[in-house]
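The opening residue of the sequence shown carries number 10 in the numbering used here; numbering runs sequentially from there. Scroll down for the structure; my scribbles are underneath it.
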Amino acid sequence: MLDEPRSGRLAAWANALLAGLVSPDDAAHRITGTDASYRVVDLPERSAASGAAPDPAPVGLTLAVGRLRALGATGLCVALPVAGHPLGLSGPPEFNARALEAGEAVIAGGVGLGLVPEVHRAGPRGVGVDGSPVSESDVHTEVLWRCLPVREAPPADVPSLGEAEHELAEALREATEALARLNVAGSGPVAAALEAYRARAERGREVLAPGYPPRAVRVLELAQRVGALVGIAYGPEHGGAVSASEIAARAEALRAVERTARRAQVAAVQRVRGAAAAASVATRWCPGGRGVVAEAWGWRGRGRGRPREPGGCAGPSLD
10 MLDEPRSGRL AAWANALLAG LVSPDDAAHR ITGTDASYRV VDLPERSAAS GAAPDPAPVG
70 LTLAVGRLRA LGATGLCVAL PVAGHPLGLS GPPEFNARAL EAGEAVIAGG VGLGLVPEVH
130 RAGPRGVGVD GSPVSESDVH TEVLWRCLPV REAPPADVPS LGEAEHELAE ALREATEALA
190 RLNVAGSGPV AAALEAYRAR AERGREVLAP GYPPRAVRVL ELAQRVGALV GIAYGPEHGG
250 AVSASEIAAR AEALRAVERT ARRAQVAAVQ RVRGAAAAAS VATRWCPGGR GVVAEAWGWR
310 GRGRGRPREP GGCAGPSLD
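Below, the structure written as structure tokens:
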């Protein structure tokens, strides 16, 4: 959990795109990350009420988000379910089962649709011939997001930002105490893992897309810190838990902490105030884009679409 899941990137940057705070090109770049491509399949061209069937043809990210906007999407939410904890899900069973298998999903509010990723990788795995870990850049990863109907209902077990922040503070304390009880030292693999986390945080990466309130950014950063500690503590080479009973005790102690961190990640990226209004004015971007993508966003003309300076048509804030 050092990094935001794919569903988190998709929901956050698509929400910023719906609000007119980023261009389609920028949103697609940030959503894709180090993956080679993202495509969406089975996304209807018209609402279910009009009798439209899912479109089996894959479409690109920006066209998919534009189509969701046209269907009436008010914002995108994240689900991070695990066995016994359907976090962020609301049904039906088919969607829940697919999301549980993938470990994540995105739900588009207002249109009764959800997206579940199917990840396809090609290239080396594990370690290279010299024993060093394989870099992500050496693996070709394509992600196909399958669109399925979802039930319009409150998502399961999603806290408010305030609740998530309070729970995380307690979880961070508990995770630190668990590491101390397991005799986790500040050297060797543990120190290397923590240093890698700090380096990643110090590179100035944007934790959330533009428009999210500072508290959401704070909650997500803290959730990732807690997740980093949990990941380190789960490692078999870390700490003094060497017997089967000690390993089981360690897993039990950290399970609740990991659950809290996941809940906070979901809370940080949920729809926020202004998303519904944002969807209704998303076409008020400056002219830009071209072809079918431009048409999906109500654009005309050439060039990359960019929000205008203050006073122009940048769209509403999400906070």
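The beta carbon of each residue, even a glycine, is placed where N, CA and C say it ideally should be. This one's a predicted model, so the numbers in the text were calculated from it and none came from an experiment.
Around the CB of Pro163, fewer than 16 other CB atoms lie within 10 Å, so the residue is classed as exposed.
If you check the CB distance, Val50 and Pro67 come in under 7 Å.
In the same chain as Thr41, and ignoring 5 residues on each side of it, the C-beta atoms closer than 6 Å to its own belong to Tyr47, in chain order. Between Gly84 and Leu157, the beta carbon gap of about 18 Å keeps them out of contact (Cβ cut-off 8 Å). The three-state reading of DSSP puts Arg48 in strand, counting E and B together.
For the options Arg107, Ala111, Ala37, the alpha carbon positioned closest to that of Gly75 is the one of Ala37. From the listed residues Leu181, Asp35, Val87, the smallest Cα separation to Arg234 is found for Leu181.
Contact between Ala273 and Ala173 holds, with the beta-carbon distance rounding to 4 Å and staying under 8 Å. Of the residues Glu110, Ala88, Gly118, Ala262, the one whose Cα lies closest to the Cα of Arg78 is Gly118.
Counting along the chain, no alpha helix (DSSP H) covers Arg55, and no H or E run does either.
When rounded, the separation of the alpha-carbon atoms in His129 and His149 is 8 Å. DSSP lists Arg130 as the bridge partner or partners of Thr150.
Secondary structure within the stretch 65-112: the alpha helix (DSSP H) runs of 4 or more consecutive residues, fully enclosed, are 70-80, 102-111 (chain order).
The secondary-structure analysis by DSSP pairs Pro158 across a beta bridge with Leu122. Counting along the chain, the unbroken alpha helix (DSSP H) around Ala36 starts and ends at 33-41. Taking C-alpha positions only, Leu263 is separated from Val239 by approximately 7 Å. Ser16 places its beta carbon 7 Å or farther from that of Val91.
In this chain, the alpha helix (DSSP H) harbouring Gly17 covers 15-27. For Val278, the secondary structure class from DSSP, reduced to helix, strand or coil, is helix. Leaving aside the five residues that flank Arg227 on each side, none in its chain has a CB nearer than 6 Å to its CB. By the 16-neighbour rule on beta-carbons within 10 angstroms, Thr43 is exposed. With respect to the 7 Å criterion, Leu89 and Arg224 are not classified as neighbours on the basis of their beta carbons.
For Leu72, the closest of Val216, Glu54, Glu186 by C-alpha to C-alpha distance is Glu54.
Taking 7 Å as the cut-off, the beta carbon of Leu124 is found closer than this to the beta carbon of Trp154. A Cβ-Cβ separation of about 5 Å places Gly81 in contact with Val120 under the 8 Å criterion. Relative to Gln279, the option among Pro168, Ser254, Val216 whose CA is nearest is Pro168. Ala253 sits in a helix when the DSSP states are folded into three classes. Listed as beta-bridge partners of Val115 by DSSP are Val87, Leu124. The DSSP-derived three-state label of Ala260 is helix.
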